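Take a look at the structure below.
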Amino acid sequence: MTLEEYKVKNKLSYYVLGQKLGCEGINPAVSAQRYAKGKRFPRPKMIIKIEKLTNNQVTMRDILDEYIKKNN
């Protein structure tokens, strides 16, 4: 499952998803959206946070596959 699919399935906004992932900065929604859309590949600590938040419904492999798909 992709992070975007998880967001939709759980009816989360990008802002709420960003907060739950602990994204810092002015607007956590921007970082969460970039991760979910495959525009930015998360650092290892963020991948661990994503896996914990989603109870391994979204894994590192899912994130990598989505990133490769969007950036090739």
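So the number in my numbering is just where the residue sits in the sequence shown, counting from 1, plus 3. Where is the CB? At the ideal position from N, CA and C, for every residue including glycine. All values reported here derive from a predicted model rather than from experimental measurement.
Between which two residues does the alpha helix (DSSP H) holding E27 run?
Element bounds for E27: n/a, residue is neither H nor E.
Going straight from the alpha carbon of E7 to that of R64, what length do you get?
C-alpha separation (whole angstroms): 14 Å.
Taking the C-alpha atoms as reference points, what is the distance between P47 and G21?
For P47 and G21, the distance between alpha carbons rounds to 16 Å.
Taking the alpha-carbon positions, what's the I51 to I29 distance?
Each residue's alpha carbon lies about 22 Å from the other.
CB S16 to CB A39, shorter than 8 Å?
No, these two residues do not count as a Cβ contact at 8 Å.
Under 6 Å Cβ to Cβ from V61, same chain only, skipping five residues before and after it: list those, please.
M4, L6, Y9 and I53, listed in sequence order.
Is G41 near Y70, with beta carbons less than 8 Å apart?
Yes. Within cutoff.
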